[in-house]
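Quick note, the sequences are listed as chains A and B, same order.
Residue numbering for the first sequence is 308 to 539, as defined by the numbering used here.
Residue numbering for the second sequence is 9 to 271, as defined by the numbering used here.
Where a beta carbon is used, it is the ideal one built from N, C-alpha and C, also for glycine.
Input: a single structure, listed below in structure tokens.
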Amino acid sequence: MSMPFYVSPEQVMADKAEFARKGIARGKSIVALEFQGGILLMAENSTSLSKVGEIYDRLAFAGVGKFSEFDQLRKVGVRFADTKGYAYSREDVRGRGMANAFSQVMGEVFTREIKPLEVEIIVAEIGDDRYEDHRSNSLYRIKYDGFISDHKGFCVIGGKVEEVEAVLKNDYRADMPAGDAARLGRRALNAGAERSSELGASSLEVCLLDRGRSGRKFCRLSTDEVQGMLDS
Amino acid sequence: MLVRGSYQGSSFFELLQLDHRHLMPDLSAWGRSAIESVPHGTTVLAMRFSTGVLVAGDRLATAGHSVASRDVVKVFETDPYSVMAISGAAGPCIEMARILSVELEHYEKIEGERLELEGKANKLSQMIRANLPAAMQGLAVVPLFAGFDTRRKTGRLWKFDITGGRYEETEFDATGSGGLYARESLKHGWTRNLGRDEAVKVAVAALSAAADEDRATGGVDLERGIYPIIKMCTTTGHADATEAEIAACYREILAARTAGGNR
């Protein structure tokens, strides 16, 4: 007769967390940086499967870990945002609510399912100059277990976070021009990657939340545009 | 796995139908008397011109024999390269335009690329078909849909019937209570390869003709300063004709009428 053996809840959680952390650390990093003209999101990614995406007028998403899992999360976010914006108004779709919704979903999966999500995400929100209480940007980082934290200036997920963060902590300044932000982002990603040569424009995925645009602030840069930004 | 809702596809309209039924406009249960008191939009038109497509609509909405609104908007940008114009029961029409614009944006975000113009027209026809029960009661939605086809590099336009039937027009079309008169005027004024400025003139003339014959169409209201909305879609996206330009076109039409001794 087989005996069901006892495993303490602490052990179960620790094992799950360990499993998720390993999966996430294997991947490459993504950085999000506030700069003069908005927020820049940069990932080391030469494939056509994008890690950064648009959620709503002022909201962007970035994910590391298992592609199928964070892409699914991104779609959940788009559905949530579009439904909310349709039922209320476009201004009612805000970063904090969005980040909380993600955190709830990820936390629920972590406690309920046997396999946790092997992902970590960033929700970036660009401020709205029209409203006094919405002016500042927000960067939220949400971990595999739903743990949520907000960041000022910059935020890193995936890969070798400490190495990448070290570069940013040293050299990040508020209100950088776009070119400086892009070069700093690339340098930070380089620090996390095990390679001697510098990352080229074609192996970077760069998206912006651009204060200067009207309506939907999100835009994806082409390789030429990325090169132009790095050279500016 | 993650989602509480059941819908997994890339259509916002289907997402509402499946997971958020309460947000869908359901108008099939209203009686006749309620329907007559609902504001109706009147004349809208669309035409191709040399570099794209133009869509125009007057600003009047009527409820029965009364004016419901003098400055209602019936021409909507549904995405950077397409426009929808509505005539019929204003409530469901405006709601449908709203859903379509969210639909196009939603698809773009989920799939990572825009729908082709033909795909957008097709989607609209499915939405009209879903409204059929309400249409049978009298709350018809009969829009015009037009846009710039970025692949074929040309403007295109479609008209629809209440069953969702979709018909592509190669020249122009007009619908609504004054649509017949507008079409008649377009037939005289429209030529192949009209320039942008001529196209605006032809549109103002057609709306004025419709307003002249049909009491429910607004036309140009110089006294109140209410002008029709004229939107154009070209390779660079949207552009509106300015009020000053529309007023100038209308004054020209009035002057020609007076000079000819016509009343």
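_Per-residue DSSP class, three states only, for Ile94 (chain B)_ = Coil, per DSSP.
*Neighbourhood of Pro88 (chain B) by C-beta, 6 Å cutoff - its chain only, sequence neighbours within 5 removed*: Excluding sequence positions up to five before and after Pro88 (chain B), its CB lies within less than 6 Å of the CB of Gly245, all in the same chain and listed in chain order.
*Measure the alpha-carbon distance for Glu501 (chain A) versus Arg527 (chain A) and round it to whole angstroms.*
For Glu501 (chain A) and Arg527 (chain A), the distance between alpha carbons rounds to 26 Å.
*With 7 Å set as the bound, which would you pick, yes or no: does the beta-carbon of Asp389 (chain A) sit closer than that to a beta-carbon of chain B?*
A Cβ of chain B is located within less than 7 Å of the beta carbon of Asp389 (chain A).
*What beta strand (DSSP E) runs, 3 residues minimum, are completely inside the segment 115-171 of chain B?*
The qualifying runs are 152-157 and 162-168.
*Minimum C-alpha distance to Leu68 (chain B) - residue among B:Arg191, B:Ala214, B:Thr51 and B:Glu126*: The shortest C-alpha separation from Leu68 (chain B) is found at B:Thr51.
*Counting only beta-carbon atoms, is Val110 (chain B) nearer than 7 Å to chain A?*
So yes, Val110 (chain B) belongs to the interface.
*Quick one: complete alpha helix (DSSP H) runs, 4+ long, within the segment 344-415 of chain A?*
List check, alpha helix (DSSP H) in window: 374-394.
*asked:* Within 10 Å of its beta-carbon, does Val371 (chain A) have 16 or more other beta-carbons around it, so buried, or fewer, so exposed?
replied: Buried.
*Which whole-angstrom value describes the C-beta separation of Ala154 (chain B) and Val81 (chain B), a residue pair presumed to lie in contact below a C-beta threshold of 8 Å?*
Val81 (chain B) and Ala154 (chain B) do not touch by the CB rule: their CB atoms are close to 16 Å apart, not below 8 Å.
_Once the 5 residues before and after Met9 (chain B) are set aside, which same chain residues still bring their CB inside 6 Å of it?_
For Met9 (chain B), the predicted model reports a pLDDT of 43, less than 50, meaning its position is unreliable; a value from the coordinates is still stated below. Around Met9 (chain B): no qualifying Cβ.
*Specify the secondary structure class of Met9 (chain B) as computed by DSSP and reduced to three states.*
Residue placement at Met9 (chain B) is flagged as unreliable, the pLDDT there being 43, under the threshold of 50; the coordinate-derived value follows with that caveat. Coil.
*Under a CB-based cut-off of 7 Å, is Leu10 (chain B) close to chain A?*
Low per-residue confidence applies at Leu10 (chain B): pLDDT is 49, beneath 50, and the placement is therefore not dependable, though the value from the model is reported in the following sentence. So, interface residue.
*Just to confirm, are Met405 (chain A) and Val385 (chain A) a CB contact at a threshold of 7 Å?*
No. Outside cutoff.
*At a Cβ cut of 8 Å, what residues of the segment 110-129 of chain B count as close to chain A, listed as they run along the chain?*
Identification of residues in the segment 110-129 of chain B having a C-beta nearer than 8 Å to some C-beta of chain A yields Val110, Glu113, His114, Lys117, Ile118 and Gly120, given in sequence order.
*Among all the DSSP beta bridges, which residues are the ones paired with Gly65 (chain B)?*
Gly65 (chain B) is bridged to B:Val52 and B:Ile237.
*asked:* Which runs of the beta strand (DSSP E) at least 3 residues long sit entirely within the segment 173-209 of chain B? Give them in chain order.
replied: Counting only runs of 3 or more, we get 174-177 and 180-183.
*asked:* Tell me whether the segment 101-113 of chain B and the segment 68-79 of chain B touch, counting them as touching only if at least three CB pairs, one residue from each stretch, are closer than 8 Å.
replied: With a cut-off of 8 Å, the segment 68-79 of chain B and the segment 101-113 of chain B do not count as touching, because too few Cβ pairs lie within range.
_Contact between the segment 184-202 of chain B and the segment 241-261 of chain B (3+ Cβ pairs under 8 Å)_ = Output reads no: the segment 241-261 of chain B does not touch the segment 184-202 of chain B.
*Compare the Cα-Cα distances from Arg159 (chain B) to each of B:Glu22, B:Ile118 and B:Gly60 and report the closest residue.*
Here the closest residue by C-alpha is B:Gly60.
*In whole angstroms, what separates the C-alpha of Glu253 (chain B) from that of His441 (chain A)?*
A direct Cα-to-Cα measurement between Glu253 (chain B) and His441 (chain A) gives close to 38 Å.
*Give the DSSP-derived three-state secondary structure of Glu501 (chain A) in the structure shown.*
Reduced to three states, the DSSP call for Glu501 (chain A) is coil.
*asked:* List, in chain order, every chain B residue whose beta-carbon is nearer than 7 Å to that of Ala394 (chain A).
replied: Under the 7 Å cutoff, chain B gives Leu31.
_Distance between Ala142 (chain B) and Ala219 (chain B) (C-alpha atoms, nearest Å)_ = Distance between the alpha carbons of Ala219 (chain B) and Ala142 (chain B): 28 Å.
_Inter-stretch contact (C-beta, 8 Å, three-pair minimum) for the segment 396-410 of chain A and the segment 21-30 of chain B_ = The answer is no - the segment 21-30 of chain B does not touch the segment 396-410 of chain A, with fewer than three Cβ pairs under 8 Å.
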